[in-house]
Amino acid sequence: MNPLTEGGYAADLEANQAKRRDGFRLPIVKFRRRKEDDENMPGKGEYENLDEVSSHGEVTIDTRNGDLRLQQLEKDTSEDTFTVEDAVEAIGFGRFQIKLSVLTGLSWMADAMEMMILSILSPQLLCEWQLSSWQEAFITTIVFIGMMVSSSMWGNICDRYGRRLGLFLCAVWIFFYGILSAFSPTYIWIVLLRGIVGFGIGGVPQSVTLYAEFLPRKQRAQCVVFLEIFWAIGTCIEVVLALIVMPTLGWRWLLLFSAIPCLIFAVSCKWLPESARYHVACGESEKAHNTLKKIALENNSPMPLGKLVLPEATDKRGQFKDLFTPELRLTTVLLWFIWFSNAFSYYGIVLMTTELFQAEDSEDTSFCSANQKDHALFKCYAGCKYLNRKDYTDLLWTTVAEFPGLLVTMLIIEWLGRKRTMALEFVVFAFFTFLLLTCGGRTWLTIFIFIGRAFISGAFQAAYVYTPEIYPTTTRALGLGTCSGVARLGALITPFVAQVMLKSSIYLTVSVYGTICVLAAIACMLLPIETKGRSMQETGQPTQSQTR
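This note's numbering puts the first residue of the sequence shown at 77, with every later residue one more than the last.
Here's what the structure looks like:
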């Protein structure tokens, strides 16, 4: 009996419609019939308009020999694949990245406050505890020693155990020992505890690793540079806090208040996701896929169809020797010098600012000698001088310089590329540093420092863009950590130049900073790979085909 002529098809159709009314969804993409059967198909007008689309499959009606056969054809997506890079690009920039910007930016703000306090704390203790200039400089240097020792260790932890865990541990570490340092009874204790605080600060740059791994290629540079806003906000908050707290409550309360943002960030790590690239490097495809799905949902964007491709999983992540493969050897060495120069110059200009302002305010010392109006002369000021309101105000103005530096970097980094941006900003900083040798008074001194600090902060942030882009996921945190560690070497040396050598010879001091930055600009141009528009590598090393 033919089911089409005897009403069997109509009965099946009525039953299927009832199921749909009850919430049952048939796995149907469309009905399809054979063309040659159209002429002899009884009652074709009854089902010709039943074509439907569904994501579940396809139903074919075959009418040869009068038989009705339903065949479900599942979509074959087994051959479709995508990588984490493909997913990040497809999902794009949205609400998730904005939230991540705030979370990682909070860590930068906390870091900035802990670092900016060094230029305020050491002059205070110089007077209060009657320290020598070498002891004053060592209060700053010990923090950078801790950062230098720990940076590679934090990078290794983040490559092996995850970015999120490493950031949480370093935030708790900084908060705990930052609070303890406020109760330091003697010089030895303040040096010891601030050194331990520096050990924790060495892990904060790993927030850039996590942040960059979630950013689409087009927005990556601007977003990483954008983090500088939080750093600049942190430094400004610290100066304003010092202006309020130091004259009334003293430096111990300043240390207490400055540690609070680290506690806030540690709590906020609850909402900080683990990197999908890290999960892929560990071979944990399900965790990576779930993370990407959550991001797509939050951004209201589609996920790529198919299967997430995993590179060959390896336990050999975060190995130091991988930084010196033939493809990365030159890049690593040049980056180390660039990071060294960045930290040496940035913290140098920060520390030198308070020293130069103190010299200008001293009654028995002038920035320009009476018989040499065309040259700067910094005389040794043997006594001590507390920072006053005018010093804090000018310090705030030079700190605000980081905002225009950030804006300039954001505007030119995608136009000139990472290498040329860093080189240009090093050259501009060197130029305005040499202008400190001219005698222009307090106003011009502030202007020169303002412009110099703007560009050196921009060069520093451009290095934070370039470094995560050049290393693969398996060594990205370690690569950034070692660069940060070498940077701290420059930072721990710079107090002896900006605070000790400056009191002997401003000529020699300025020449050191200017020369270092000119050499750093050359090193930037010698980097073999320009990462503008380049995908982040998961495993393996960049090839020459990726160079520009």
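Where is the CB? At the ideal position from N, CA and C, for every residue including glycine.
Problem set entry | Integer-rounded CB distance, given that Ser-283 should sit under 8 Å from Trp-415 | In fact, because the Cβ distance is near 16 Å, the residues do not count as touching under 8 Å.
Exercise. What's the gap between the Cα of Cys-312 and the Cα of Ser-195?
Worked result: Each residue's Cα considered, the two are about 13 Å apart.
Exercise. With 16 other CB atoms within 10 Å as the buried threshold, where does Arg-110 fall?
Worked result: At Arg-110, the pLDDT of 37 sits below 50, so the modelled position is not reliable; the number obtained from the coordinates is stated separately. By the Cβ neighbour-count rule, Arg-110 is exposed, with fewer than 16 other Cβ atoms within 10 Å of its own.
Exercise. If you drop the 5 nearest sequence neighbours on each side, which residues of the same chain put their C-beta closer than 7 Å to that of Ile-309?
Worked result: Cβ contact annotation for Ile-309 (same chain, cutoff 7 Å, sequence separation greater than five): Met-185, in chain order.
For this session: Note down the Cα distance separating Trp-329 from Ala-213, rounded to an integer number of angstroms.
Result: Within the model, the alpha-carbon separation for Trp-329 versus Ala-213 is close to 22 Å.
Exercise. So who's on the other strand from Leu-384, going by DSSP bridges?
Worked result: In the DSSP output, where bridge partners are listed per residue, Leu-384 has Phe-158.
For this session: Please say whether Glu-304 and Ile-193 have beta carbons closer to each other than 8 Å?
Result: Cβ distance not < 8 Å, so Ile-193 and Glu-304 don't count as in contact.
For this session: Tell me, please, whether the segment 404-424 touches the segment 526-539 by the rule of three or more beta-carbon pairs shorter than 8 Å.
Result: Verdict: yes, contact present.
For this session: Just the C-alpha distance for Glu-112 and Asp-156, rounded to the nearest angstrom, thanks.
Result: Low local confidence applies: a pLDDT of 40 at Glu-112 is under 50, so the model's placement there is unreliable, with the coordinate-based value given in what follows. Distance between the alpha carbons of Glu-112 and Asp-156: 34 Å.
Exercise. Beta carbon of Leu-399, beta carbon of Thr-607: below 8 Å?
Worked result: Between Leu-399 and Thr-607, the C-beta gap is not smaller than 8 Å, which leaves the two residues out of contact.
Problem set entry | Local Cβ density within 10 Å of Asn-232, reported as buried at 16 or more and exposed below that | Counting Cβ neighbours within 10 Å, Asn-232 comes out buried, since at least 16 surround it.
Exercise. What is the DSSP secondary structure of Trp-205, counted as helix, strand or coil?
Worked result: Trp-205 falls in the coil class under three-state DSSP.
Problem set entry | For Trp-230 and Gly-557, believed in contact at Cβ under 8 Å, the rounded distance | Confirmed, about 6 Å.
Exercise. At which residue ranges does the segment 206-251 contain complete alpha helix (DSSP H) runs of 4 or more residues, listed in the order of the chain?
Worked result: Within the segment 206-251, the complete alpha helix (DSSP H) runs of at least 4 residues are 209-237.
Exercise. From which residue to which residue does the alpha helix (DSSP H) around Asn-375 run?
Worked result: For Asn-375, the uninterrupted alpha helix (DSSP H) segment begins and ends at 361-375.
For this session: Ignore the nearest five residues each way along the sequence and tell me which others in Leu-291's own chain have a CB closer than 8 Å to its CB.
Result: Cβ neighbours of Leu-291 beyond the five flanking positions: Val-164, Phe-169, Gln-173, Cys-299 and Val-300.
For this session: Starting from Ile-193, follow the alpha helix (DSSP H) in both directions and report where the run begins and ends.
Result: Ile-193: not part of any alpha helix (DSSP H); DSSP gives it neither H nor E.
Exercise. On the three-state DSSP scale, how would you describe Cys-600?
Worked result: Secondary structure at Cys-600: helix, using DSSP grouped into helix, strand and coil.
Exercise. Where do the N-terminal and C-terminal ends of the alpha helix (DSSP H) with Cys-358 fall, by residue?
Worked result: Looking at the DSSP string, Cys-358 is not in any alpha helix (DSSP H), and its letter there is neither H nor E.
Exercise. Relative to the C-alpha of Val-588, which residue among Phe-572, Gly-274 and Ser-260 is closest?
Worked result: Considering only alpha carbons, the answer is Phe-572.
For this session: Provide the residue span of the alpha helix (DSSP H) that contains Leu-482, from first to last.
Result: First-last of the alpha helix (DSSP H) with Leu-482: 478-492.
For this session: Can you give me the start and stop residues for the alpha helix (DSSP H) that Phe-531 sits inside?
Result: Boundaries of the alpha helix (DSSP H) harbouring Phe-531: 517-546, taken from the DSSP string.
Exercise. If you run the structure through DSSP and keep just helix, strand and coil, what is Met-322?
Worked result: Assigned with DSSP and collapsed to three states, Met-322 falls in coil, not helix or strand.
Problem set entry | Element boundaries [alpha helix (DSSP H), containing Ile-272] | First-last of the alpha helix (DSSP H) with Ile-272: 263-277.
For this session: Measure the alpha-carbon distance for Thr-429 versus Leu-471 and round it to whole angstroms.
Result: So the alpha carbons of these two residues sit roughly 7 Å apart.
Problem set entry | Status (buried if at least 16 other CB within 10 Å, exposed otherwise) for Ile-605 | Classification for Ile-605: buried.
Exercise. In the structure shown, what three-state DSSP assignment does Arg-552 receive?
Worked result: Residue state for Arg-552 is assigned as helix, using DSSP reduced to three classes.
For this session: Given a cut-off of 8 Å, decide if Met-223 and Arg-465 are closer than it, judged by their beta-carbon atoms.
Result: Taking C-beta atoms as the reference points, Arg-465 and Met-223 fail to come closer than 8 Å.
For this session: Would you tell me roughly how many angstroms separate the C-alpha atoms of Thr-216 and Leu-568, rounded to the nearest one?
Result: Rounded to the nearest angstrom, the two C-alpha atoms are 7 Å apart.
For this session: Kindly confirm or deny that the segment 495-502 and the segment 586-600 touch, where touching means at least three C-beta pairs closer than 8 Å.
Result: Counting Cβ pairs under 8 Å, three or more are found: they touch.
For this session: Quick one: grab the DSSP three-state call for Lys-608.
Result: It is coil, neither helix nor strand.
For this session: Could you tell me whether the Cβ atoms of Ser-257 and Ile-250 are closer together than 8 Å?
Result: For Ser-257 and Ile-250, no; Cβs fall outside 8 Å.
Exercise. Closest by CA to Arg-494, which one among Phe-526, Leu-348, Phe-536 and Gly-528?
Worked result: It is Phe-536 whose Cα lies nearest to the Cα of Arg-494.
Problem set entry | Continuous alpha helix (DSSP H) stretch holding Leu-330: start and end | For Leu-330, the enclosing alpha helix (DSSP H) starts and ends at 327-344.
Exercise. What is the C-beta distance between Leu-197 and Trp-327, in whole angstroms, given that I count them as a contact (C-beta under 8 Å)?
Worked result: With 8 Å as the limit, Leu-197 and Trp-327 qualify as a contact, their Cβ atoms being about 6 Å apart.
Problem set entry | Stretch pair the segment 240-247 + the segment 577-585: three plus CB contacts closer than 8 Å | These segments do not touch.
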